[in-house]
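Written out below as structure tokens is the structure these notes cover.
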Amino acid sequence: MSQERLNNSILENLPAEVIKPAYDRNDVTTGIVHLGIGAFHRAHQAWYTENRIAAGEKDWGIVGASLRSAGVRDQLVPQNGLYSVVEKSNAGTKVQIVGAVSDVLVGPENPQQLLELLAQESVRIVSLTITEKGYCHDPASGDLNPQHPDVIHDLANPQTPKSALGYIVGALALRKERGLPGFTVLSCDNLPSNGKLLGKVLAQYAEQVDSGLASWIAQNTTTPATMVDRIVPATTDADRDELESLIGCRDEAAVMAEPFSQWVVEDNFLRGRPEWDKAGATFVEDVEVYELIKLRLLNGSHSMLAYSGYLAGFETVADVMAEPAFNKLALHFMKSEATTSIDVPADFDIAAYQAELIERFENRALRHRTWQIAMDGSQKIPQRWLGTLRHQLANAGPIEVLSFALANWIRYVSAVDEKGNAIEVSDPLAAELKAICDQHKPQGSDEAGNEALAAAFLAFTSVFGDDLQQSAPLQQAVVSWLNKLDAEGTLACVQKSFSS
Ligand code: NAI
Ligand code: CS2
């Protein structure tokens, strides 16, 4: 039987060990609007901001917004915006109730309301976790995709946007008209040079609207780069049930996170910012090397384990890591291919970082599904694997694991697993990718199909650009793995090739 929902009036009744907001929420005013209020924002940026609001920075309250569904609004608003960050590790569980989010808007329900909120002068930061696909960019080039359906719609219907770009540029147009200052747009997505990429697609989008607006935006916004890191799997009902037994009330908006968190931010804010560094964030001039290390070592391994682990029959990352050969493979990839592609600062203990990543992946208290990480591979692979791959190819370096990873991704997006069961492939380019598989290697065909299949994938320029298809070593390595995977399956391949 579900108990009372978490809300303002029952906070003091929660168990003493639960950390609660230690400030009067009525004193907090909105300074941040967050687009894409998913699990990660609640466990990361809002969690850091909670610390600053509790320390007295009361004008940095957050209003969240979803540009897609009403799910999170319906979870948070009945709880006065309150939710639990549940830190889970092999050492135990810690619960903190966060009060930084006061409301959630749903763009599709009332676009004008969200545009007007974004145009309010008190809003000084608009932050984003809209997933890699939310930027309407071409993953290979980083340029705005003018053929993106949301871009086409929003340019024709600026009052009822669908994309984050449409909302941001629409709100800035209102601010310009009203003689108000702009704001900082803070990408907190896993994209390479996310600040530069966001600035570029915003400028390219605004130029399509009006050149005068585009130059005003260039002068009146900043788009700092960030590196964001905290493993936050999608919350399940089992998670919510377990939490309910711990805190004695129902929290539909709870998020599950590892204890580890890191936030490296370029200090380039138009109208101030919270003192997030006093909550553990790091402000730097150049985020790039932190991004490269994180995207190539953590996310590169994550995606490799997601596709190969899923095909090997494992549900979560911790399950994959419990298989010794996969555990060795993850560290081998980090050391031999990902790390050697980066000019790691001399004072950075990369060996300790690698060891910590392995430990984080082994966390059995978090059920991070391989299927969830496998989502949107077409939007993730360029920054997670292809930068590393280009470096190795240019330097005659190792590509054994990266080509293995690509072969598993190709088999994954064929949407049929080793046992012939359907795979629910969640990717904006899923149809195109499956069509490549069906056209070049129909199910059940022989090895000859793998030559054509590998060549066709490497020629898929939206993901691979136009250079990688020229690489004979890469083509040969991918074909070799496709043949082995056909013959032995992923688990046997890993056990045979990576156990030593
Ligand atoms: P989530 O599924 O809980 O939330 C995703 C949010 O993005 C939702 O609000 C959804 O409506 C919105 N969204 C999806 N497609 C969109 C589009 N085309 N345009 C605008 N909004 C769109 O996912 P979660 O866990 O919050 O992750 C979101 C992003 O945060 C990731 O894609 C990644 O870039 C970043 N991140 C996630 C981490 C994690 O462990 N979950 C860790 C580090 C970064
Ligand atoms: C994961 C990331 O779902 C995925 O693609 O690789 O969300 C990962 O959990 C975070 O980047 C960790 O900081």
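Here the sequence shown is numbered in UniProt numbering, starting from 1 and rising by one per residue. For each residue, glycine too, the CB sits at the ideal point set by N, CA and C. All values reported here derive from a predicted model rather than from experimental measurement.
Within the present structure, is the beta-carbon of I231 separated from the nearest heavy atom of the ligand CS2 by less than 7 Å?
yes
Simplified DSSP assignment, three categories, for Y310:
helix
At the level of alpha carbons, what is the spacing between E418 and D427?
Across the structure, E418 and D427 are spaced so that their CA atoms are roughly 20 Å apart.
For Q379, count the other beta carbons within 10 Å of its own beta carbon; 16 or more makes it buried, fewer makes it exposed. Which is it?
buried
Just the Cα atoms here: how many angstroms apart are A477 and Q112?
52 Å
Assign T29 to one of two classes, buried (16 or more other C-beta atoms within 10 Å of its C-beta) or exposed (fewer than that).
exposed
Let me check understanding here. Comparing Cα to Cα, which of V98, S89, V85 lies closest to residue 502?
Residue numbering for the chain in the displayed model covers 1 to 500; residue 502 lies beyond these limits and cannot be assessed.
Any non-hydrogen atom of the ligand NAI closer than 7 Å to S66 Cβ
yes
Is T370 closer than 8 Å to A140 when the C-beta atoms are compared?
no
Only counting the same chain, and skipping five residues up and downstream in sequence, which positions put a Cβ closer than 8 Å to that of V209?
L155, P158, V169, A173
Can you check whether the CB of V85 is closer than 8 Å to the CB of V63?
no
Where do the N-terminal and C-terminal ends of the alpha helix (DSSP H) with M227 fall, by residue?
Not the alpha helix (DSSP H): M227 falls in the beta strand (DSSP E), residues 226 to 229.
Rounded C-alpha distance that separates P352 from Q262
Rather than Pro, the amino acid found at residue 352 in this sequence is Ala. Near 15 Å, if we compare the C-alpha coordinates of Q262 and A352.
Could you please give the first and the last residue of the uninterrupted alpha helix (DSSP H) stretch that includes W216?
For W216, the enclosing alpha helix (DSSP H) covers residues 211 to 220.
Would you call S301 buried or exposed, if buried means 16 or more other Cβ atoms sit within 10 Å of its Cβ?
buried
Does the ligand CS2 have a heavy atom nearer than 7 Å to the CB of Q372?
Checking the Cβ of Q372 against the ligand CS2 gives yes.
Going by the beta-carbon positions, is the gap between L76 and A253 smaller than 8 Å?
yes
CB contact flag (L329, T490, <8 Å)
With contacts defined as CB atoms closer than 8 Å, L329 and T490 fail to qualify as a contacting pair.
Compare the Cα-Cα distances from A452 to each of D466, F464, C437, S69 and report the closest residue.
For the residues D466, F464, C437, S69, the minimum Cα distance to A452 belongs to C437.
Would you mind sorting P233 into buried or exposed? The rule is 16 or more other CB atoms within 10 Å of its CB.
Buried, since its Cβ has 16 or more Cβ neighbours within 10 Å.
With DSSP as the reference, identify every bridge partner of R250, one or two as the case may be.
R5
Taking the alpha helix (DSSP H) that F404 falls in, what are its first and last residues?
Unbroken alpha helix (DSSP H) run through F404: 400 to 413.
With distances taken Cα to Cα, identify the nearest neighbour of G142 among S499, P382, A492.
P382
Proximity winner among T226, G81, A454, I247, relative to W409 (alpha-carbon distances):
A454
A70: beta carbon under 7 Å from a heavy atom of the ligand NAI?
no
Tell me whether A39 counts as near the ligand NAI, meaning its Cβ is closer than 7 Å to at least one heavy atom of that ligand.
yes
Contact between the stretch 389 to 398 and the stretch 268 to 288 is defined here as three or more beta-carbon pairs at a separation below 8 Å; is this criterion met?
no
DSSP three-state call for R364: helix, strand or coil?
coil
Express the C-alpha separation of L118 and S215 in angstroms, rounding to a whole number.
19 Å
Hey, how far is the Cα of residue 501 from the Cα of Y83?
Residue 501 lies beyond the residue range present for the chain, which begins at 1 and ends at 500; the question has no answer from this structure.
On a CA-only basis, which of R73, S193, E244, W47 is nearest P108? Give me that one, please.
R73
Check whether the Cβ of A365 lies closer than 7 Å to any heavy atom of the ligand NAI, and answer yes or no.
no
Using only alpha-carbon positions, find the residue among E57, D343, G71 that is nearest to I37.
Of the residues E57, D343, G71, the one whose Cα lies closest to the Cα of I37 is G71.
Should L191 be counted as a contact of the ligand CS2 given a C-beta to heavy atom distance under 7 Å?
no
With DSSP collapsed to three states, give me the class of I125.
When DSSP states are grouped into helix, strand and coil, I125 belongs to the strand group.
Answer yes or no: the CB of K133 versus the heavy atoms of the ligand NAI, is any distance below 7 Å?
Relative to the ligand NAI, K133 has its C-beta within less than 7 Å of a heavy atom.
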